[in-house]
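J.: Take a look at this one; I'll ask things after.
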Amino acid sequence: MNKEDIFDNLPEFTAQDLFKYIRQGVVTLPELKDPHNVDEPMKASVRKELEDLLKNAEPNDWAAALKEDTINSLAELKFA
């Protein structure tokens, strides 16, 4: 999936889908919100859920890395 495909089909994606693409570095939240990039804006409920997912991602990543308690998990977190 590339950025243009996401922009062209934005209303079809769930917050979880968009969260995954943001985490993979395919697209950013500001790009998704920019009306110049998309034909149809994302639904307000999807935007809110996505913002919540992003806001809570870092603490959740940190907790998962601590639970795993390995150097690799902490290194991956540092570079994510």
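Heads up: the sequence shown runs through residues 7 to 86, numbered per our numbering.
Even for Gly, the Cβ is constructed at its ideal location relative to N, Cα and C.
1) In angstroms, rounded to a whole number, what distance separates the CA positions of P17 and N62?
2) By a C-beta neighbour count over all protein chains shown, 10 Å radius and 16 as the cutoff for buried, is A50 buried or exposed?
3) If distances are taken between C-alpha atoms only, which option among D11, P36, D14, D45 comes closest to R53?
4) Output the distance between the C-alpha atoms of H42 and I28, rounded to the nearest integer angstrom.
5) Terminal residues of the continuous alpha helix (DSSP H) containing Q30?
T.: The structure says:
1) In the sequence shown, counting from the first residue as 1, residue 17 sits at position 11. In the sequence shown, counting from the first residue as 1, residue 62 sits at position 56. C-alpha separation (whole angstroms): 23 Å.
2) To locate residue 50, count along the sequence shown from 1; it is residue 44. It is exposed - the Cβ of A50 has fewer than 16 other Cβ atoms within 10 Å.
3) Along the sequence shown, read from residue 1 onward, the residue named residue 53 stands at position 47. Among D11, P36, D14, D45, the Cα nearest to that of R53 belongs to P36.
4) On the sequence shown, residue 42 is found 36 positions in, with the first residue counted as 1. On the sequence shown, residue 28 is found 22 positions in, with the first residue counted as 1. Cα to Cα, the separation comes out at about 18 Å.
5) Working through the sequence shown from its first residue, we reach residue 30 at position 24. Segment: none, Q30 is in no alpha helix (DSSP H) and carries neither H nor E.
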